[in-house]
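Worksheet for the structure shown next.
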Amino acid sequence: QKEVEQNSGPLSVPEGAIASLNCTYSDRGSQSFFWYRQYSGKSPELIMFIYSNGDKEDGRFTAQLNKASQYVSLLIRDSQPSDSATYLCAGGSNDYKLSFGAGTTVTVRA
Amino acid sequence: NAGVTQTPKFRILKIGQSMTLQCAQDMNHNYMYWYRQDPGMGLKLIYYSVGAGITDKGEVPNGYNVSRSTTEDFPLRLELAAPSQTSVYFCASSGTADGYTFGSGTRLTVV
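Chains Z and U, in that order, are what the protein sequence lines are. Under the numbering used here, think of the first position of the first sequence as 2, with each following residue one higher. Under the numbering used here, think of the first position of the second sequence as 348, with each following residue one higher.
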């Protein structure tokens, strides 16, 4: 069983602050990692993916991967009320199947 | 592009009834998946397919069946519905290793 664990929420941050989301995975064969955002009652939408150790930035989002520690994180800078959602971490190997964490719910306070 | 289309969006079934959840994608993706999402539990893989005519079980296949006769369609069949199958079902597809595209989901209640 490939397991992906996310830090327990919910996470509440003030507008303009940095939201930090963490995820660990058990399968050392996992090669690719994804962050999805899911608004209440909607389907998940892909925010970012990362394959290599280090940081990857896309606008206000930064994904970080540390394969030695089996750790993935997502930073949301300058958090906006529209960032309020549940964030799902997922990991996959070369079989094109993803294992998802339970999600962390983020609330950005205006 | 329509992307991944799921029907129906909502359904109430009685215990023991059967139904088919439809999923179609227009992106010519080889890989298709069915997940279920229970509150606070994340997404669990039910079945997946790597191409037309090829399907395989995921983590939670019991009580479900699938078929993949074309690249576009990947229906999920529920036989003898049980309350434990009350969930939100998502179909997804991918053409590369760069993540999934999800459908809008089917909210199923079994009473």
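For glycine and all other residues, C-beta sits at the position ideal for the given N, C-alpha and C.
Chain-order list of chain U residues neighbouring Phe-101 (chain Z): Gly-389, Leu-390, by C-beta distance under 7 Å. In this structure, DSSP gives Asp-84 (chain Z) a helical state, which the three-state scheme calls helix.
In this structure, the CA atom of Lys-391 (chain U) is about 11 Å from the CA atom of Lys-404 (chain U).
Between Ile-362 (chain U) and Val-435 (chain U), the gap from beta carbon to beta carbon reaches 8 Å or more.
Ser-451 (chain U) and Gln-384 (chain U) have their alpha carbons spaced roughly 12 Å apart. Taking 8 Å as the threshold, the shortest C-beta distance from Leu-66 (chain Z) to chain U does not fall below it. At a beta-carbon threshold of 7 Å, the residues of chain U lying near Gly-104 (chain Z) are Gly-389, ordered along the chain.
Residue pairing of Lys-98 (chain Z) in beta bridges, as defined by DSSP: absent, with no partner found. Interface criterion not met: the Cβ of Ser-85 (chain Z) is under 8 Å from no Cβ in chain U.
Out of U:Leu-427, U:Gly-442, U:Thr-352, the CA that lies nearest to the CA of Asn-375 (chain U) is found in U:Gly-442. Lys-98 (chain Z) sits buried, since 16 or more C-beta atoms from the chains shown fall within 10 Å of its C-beta. Only Phe-437, Ser-441 from the segment 419-443 of chain U bring a Cβ to less than 8 Å from some Cβ of chain Z. The beta carbon of Phe-357 (chain U) sits no closer than 8 Å to any beta carbon of chain Z. Just so you know, the alpha carbons of Gly-60 (chain Z) and Met-366 (chain U) end up roughly 43 Å apart.
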